[in-house]
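Reviewing the structure listed below.
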Amino acid sequence: MSRDDGVPKTPPVRSRNPERTRAEILSVAVREFAEHGFHGARVERITKAAKCNARMIYHYFGGKEQLYLAVLDSVYAAIRNREGQLRFGTADPGLEARRLVEFTFDYFSENGDFLKLTRNENLLNGKYIKRSQMIRDMSQPFITAIGELVERGHASGQFARKPDPVQLYVTVVALSAHHLNNAATLGTVVGQDLTDPAWQAERRDHAVEVVLTYLGVETSE
Numbered sequence: 003m004s005r006d007d008g009v010p011k012t013p014p015v016r017s018r019n020p021e022r023t024r025a026e027i028l029s030v031a032v033r034e035f036a037e038h039g040f041h042g043a044r045v046e047r048i049t050k051a052a053k054c055n056a057r058m059i060y061h062y063f064g065g066k067e068q069l070y071l072a073v074l075d076s077v078y079a080a081i082r083n084r085e086g087q088l089r090f091g092t093a094d095p096g097l098e099a100r101r102l103v104e105f106t107f108d109y110f111s112e113n114g115d116f117l118k119l120t121r122n123e124n125l126l127n128g129k130y131i132k133r134s135q136m137i138r139d140m141s142q143p144f145i146t147a148i149g150e151l152v153e154r155g156h157a158s159g160q161f162a163r164k165p166d167p168v169q170l171y172v173t174v175v176a177l178s179a180h181h182l183n184n185a186a187t188l189g190t191v192v193g194q195d196l197t198d199p200a201w202q203a204e205r206r207d208h209a210v211e212v213v214l215t216y217l218g219v220e221t222s223e
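Numbering (the working numbering), first residue to last: 3 to 223.
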């Protein structure tokens with residue numbers, strides 16, 4: 003039988019895991035910068051939410067600017083990694099073009115922090131993203147993959163056009179994000195709730211049809 007000897011028990015010390023601590027700070031920082039932008043974000047709120055002190059920010063990242071750059075790198079790495087899972091070159095070009103539009107549309111719809119961060123960075127005229135060599139390096143392979151998809155589709159006769167891959171990707175992004183980035187203003191102008199799930203489902207189908215029709219892919223069932 004255990005005996006209470008009256009000696010206060012010292013709570014166990016939780017060993018700090020550097021990778022976990024860094025990941026927790028980064029996760030909190032994504033939300034903070036997404037909601038408040040670079041200038042409105044506060045290190046104090048990040049440390050409080052991450053349950054750490056300001057020294058940890060400087061230890062793992064070097065400061066607020068470096069933390070913000072790490073946030074940009076992390077959210078772009080996330081979408082690039084997911085895009086890589088599309089594995090172009092393994093299926094019918096028409097099907098892969100459809101998957102490209104559907105994936106991009108769904109990713110933007112489901113990842114509001116990514117859209118907020120990119121909107122905020124655009125307000126800064128891309129000041130910080132221009133400093134990230136990592137984002138440029140990891141984005142180029144996806145553009146190359148889209149170019150190869152276009153080449154295969156055109157060579158097989160499925161695509162009537164052979165657009166520049168950057169032009170095609172920018173079109174896909176515009177069709178997938180414009181209604182989200184401008185939901186408050188554009189929705190008021192057209193008298194439609196652009197955040198309504200049923201409307202967004204119709205928009206998704208429309209985006210797919212626009213891209214596939216442009217490429218010359220048969221869209222009828």
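For glycine and all other residues, C-beta sits at the position ideal for the given N, C-alpha and C. Here the structure is a predicted model, which is why all the values come from computation and not from measurement.
query	result
Neighbourhood of L117 by C-beta distance below 8 angstroms, restricted to the same chain and skipping five residues each side	F110, A179, L182, N183
Distance between L119 and N127 (C-alpha atoms, nearest Å)	12 angstroms
Alpha helix (DSSP H) runs contained entirely in the segment 65-100, provided each spans 4 or more residues	66-86
Cβ pair V152, F161 closer than 8 angstroms	yes
Cα-Cα separation, V213 to V103	8 angstroms
Inter-residue spacing [alpha-carbon to alpha-carbon] between G155 and S76	32 angstroms
The segment 164-175 touching the segment 132-149, judged by at least three CB pairs closer than 8 angstroms	yes
Neighbour-count burial assignment, G65, 16 or more Cβ in a 10 Å radius	exposed
D115 beta carbon less than 8 angstroms from that of V32	yes
Limits of the alpha helix (DSSP H) - the one that V219 falls within	Segment: none, V219 is in no alpha helix (DSSP H) and carries neither H nor E.
Beta-carbon gap between L69 and I81 smaller than 8 angstroms	no
Span separating the alpha-carbon of A186 from that of T106	21 angstroms
Short Cβ contact (8 angstroms threshold) for C54 with T92	no
Straight-line gap, R5 to Y62 (C-alpha atoms, nearest Å)	The pLDDT assigned to R5 is 46, lower than 50, so where the model puts this residue is not dependable, and the model offers no usable value.
Coil, strand or helix - F63 by DSSP	coil
Counted within 10 angstroms of its Cβ, other Cβ atoms place R205 as buried (16 or more) or exposed	buried
C-beta atoms of V172 and R100 nearer than 8 angstroms	no
Minimum C-alpha distance to F35 - residue among G86, L88, N122, N83	N122
Rounded separation between A43 and I131 - CA only	17 angstroms
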